[in-house]
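*Asks:* Below: one structure in structure tokens.
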Amino acid sequence: MHIGIPKLVFNNNQISYEVDITCAQGNRTLWYSLDKSFSDLLCDSGDAALLGMLIPAMLAGEDIHIQGAVSEQLYYNVSGPLQQAIQIIIPSLKKIKIIAEEIDCEQPKRAKGVITGFSAGIDSYCAMADHYYSDVTEAFKVTHLLFNNVGSHGVGGEALFRERSDRLTPHAQALGLPLLIVNSNLHEFYCPEIGFQRTHTLRNTSVALLLQQGIGRYLYASSFSYADTSIGESYDISMSDAVLVPMLSTAMLNAMPTGAQYSRVEKTLRVAEVPDSYTALDVCLGPENASSSANCGKCYKCLRTLNTLEIAGYLDRYESVFDMKNYKRYRSKGFMKILITKKPLSAEVRAYAKEKQFSFPLISHLVALVMRNQK
Ligand SMILES: [Zn+2]
């Protein structure tokens, strides 16, 4: 695979980072674009393209020849340790060589900007609780929010990305922080075999690497706690975020995980202390949500969040953002799943319910009993 020299191109109100990719599958241009008002943050190095294309090249077993300058630190990790780690997670990947024409060995001062991905979900608001609402030191306080289209919007594609970004914009405005909405065709280089859940850490961080000119720290909200962190074959790369994210840093960008010190229940309780989240929280799985509320109140993510909030006694705080009629119909189903599922996140909620001496609905107990006996 050959990765050319990136160009920054202005087009109407957007600025794009474009780089030509030549590989066995043909010639294509990889691009990322965002509002041109953020052009002073953009970096034209090859770092973003190198990280974004690493997994597709490893899947194809193609060495990477890169023309644009790459950070020495990223080059070191991408050439060896990072490949070793992600090959354990996705065993079908092959080790490849990285041949860089220009390695940038300078140690420039990092920019002061601090950015974190913002989807208004539990992980996002927990990151904001720690890095915005609290009196965290300035170097770790969020200054910018990021929302990407690098494959997380599934079948909804760009239309769903636009809908979600429109929904987020007023919440970012209420926070008084700039929201960078970054569109890209990066997902076109990833086949279903290496879907978003297995690769999102590298895809999202490639966007942060675009912004090194004005952003010196990238906080990557971890879904999994340190207690559940591991490197092993997995459908979800998140389990390894705490190990992988620091490897994606450069001299100009400190990429670091955040939130891994909490369990899912602890995160939900932390978010419940942030009043801005009462009217903005968005955990719903999305396109199938036909209710007028931001959150359907019946998908598994809505149910897990609402069940936890109910056990804590905080349900009333979120009445305006969930379809509570749906929740009343489906809450016992959510509790039943918590009673029978062996997954770590359900076990956490069970333990929390016990601690709070919460009484599960009788029907949830009965159905759970029947299902256990059927196994
Ligand atoms: Zn939902």
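In this note's numbering, each residue's number is its place in the sequence shown (first place is 1) plus 1332. Note that the Cβ used here is the ideal one computed from N, Cα and C, for glycine as well. These figures come from a predicted structure and were not determined experimentally.
1) What's the call for T1310, buried or exposed, on a 16-neighbour Cβ count within 10 Å?
2) Thinking C-alpha only, which one of M1703, S1691, L1647 and P1693 is nearest T1673?
3) If you measure between the beta carbons of I1428 and G1393, is that distance less than 9 Å?
4) Could you check what DSSP says for K1686 in three-state terms: helix, strand or coil?
5) Rounded to whole angstroms, what's the CA-CA distance from K1633 to G1453? Just pull it up for me.
6) Assuming V1603 and S1625 are in contact, meaning their beta carbons sit under 8 Å apart, how far apart are those beta carbons, in whole angstroms?
7) Please list the segments of the beta strand (DSSP E) lying wholly inside the segment 1340 to 1404, counting only runs of 3 or more residues, in order along the chain.
8) If we ignore side chains and look at the alpha-carbon of each, how far apart do E1470 and S1369 end up?
9) Would E1433 and Q1399 qualify as a contact pair, given that the criterion is a beta-carbon distance under 9 Å?
10) Could you tell me the boundaries of the beta strand (DSSP E) in which A1432 lies?
11) Give a yes or no on whether the C-beta atoms belonging to R1661 and E1642 are separated by under 9 Å.
12) Starting from the Cα of A1644, find the closest Cα among L1551, H1334 and E1598 and give me that residue.
13) Check P1693 in the structure and name its three-state DSSP category.
14) Confirm the yes/no value for this check: CB of N1627, any heavy atom of ligand 1, distance under 8 Å.
15) Can you tell me which of the three DSSP states R1549 falls into?
16) Give me the DSSP bridge partner(s) of N1480.
17) Once the 5 residues before and after T1537 are set aside, which same chain residues still bring their CB inside 8 Å of it?
18) Just to confirm the assignment, what range does the alpha helix (DSSP H) spanning M1588 have?
19) Among all the DSSP beta bridges, which residues are the ones paired with D1334?
20) Within 10 angstroms of the Cβ of I1387, are there 16 or more other Cβ atoms? Answer buried if so, exposed if not.
21) If we call anything under 9 Å between Cβ atoms a contact, is V1575 one with T1590?
22) Below 8 Å on the Cβ atoms is my contact criterion, and I expect D1367 with L1340 to pass it. Report the Cβ-Cβ distance as a whole number of Å.
23) To which residues of the same chain is F1690 closer than 6 Å at the C-beta, ignoring the five residues directly before and after it?
24) Under the criterion of a Cβ to heavy atom distance below 8 Å, does V1615 qualify as lining ligand 1?
25) Just to confirm, is the Cβ distance from L1414 to E1525 under 9 Å?
26) In its own chain, which residues sit with a C-beta less than 6 Å from the C-beta of S1566, not counting the 5 before and 5 after it?
27) So for D1436, helix, strand or coil by DSSP?
*Replies:* Based on what the coordinates show:
1) In the structure as shown, the chain starts at 1333 and stops at 1707, and residue 1310 therefore has no counterpart that could be examined.
2) Per the C-alpha coordinates, the member of M1703, S1691, L1647 and P1693 positioned closest to T1673 is M1703.
3) With contacts defined by Cβ atoms closer than 9 Å, I1428 and G1393 form a contacting pair.
4) Three-state result, K1686: helix.
5) Roughly 10 Å separates the two Cα atoms.
6) Actually they do not touch by this definition, with Cβ atoms about 17 Å apart.
7) Segments of the beta strand (DSSP E) lying fully in the segment 1340 to 1404: 1346 to 1355, 1358 to 1367 and 1396 to 1398.
8) Straight-line Cα distance between these residues: approximately 24 Å.
9) Yes, these two residues count as a Cβ contact at 9 Å.
10) Bounds of the beta strand (DSSP E) holding A1432 are I1430 to A1432.
11) 9 Å or more divides the Cβ of R1661 from the Cβ of E1642.
12) With distances taken between Cα atoms, A1644 lies closest to E1598.
13) Three-state DSSP puts P1693 in coil, outside helix and strand.
14) Checking the Cβ of N1627 against ligand 1 gives yes.
15) The answer is strand: DSSP assigns R1549 an E or B state.
16) For N1480, which the question treats as bridged, DSSP gives the partners V1514.
17) Contacts found: L1383, Y1550, Y1552, V1577, L1580 and A1587.
18) Element bounds for M1588: not the alpha helix (DSSP H) but the beta strand (DSSP E), N1586 to T1590.
19) In the sequence as displayed, the identity of residue 1334 is His instead of Asp. Bridge partners of H1334: T1354 and H1397.
20) Residue environment for I1387: buried (at least 16 other C-beta atoms within 10 angstroms of its C-beta).
21) Taking 9 Å as the Cβ cut-off, V1575 and T1590 do not qualify as a contacting pair.
22) Not a contact, Cβ separation roughly 14 Å.
23) Cβ within range, chain order: I1643.
24) For V1615, the distance from the CB to the nearest heavy atom of ligand 1 is below 8 Å.
25) In this structure, E1525 does not lie closer than 9 Å to L1414 by Cβ.
26) Only I1421 meet the Cβ criterion.
27) Here D1436 sits in strand by DSSP.
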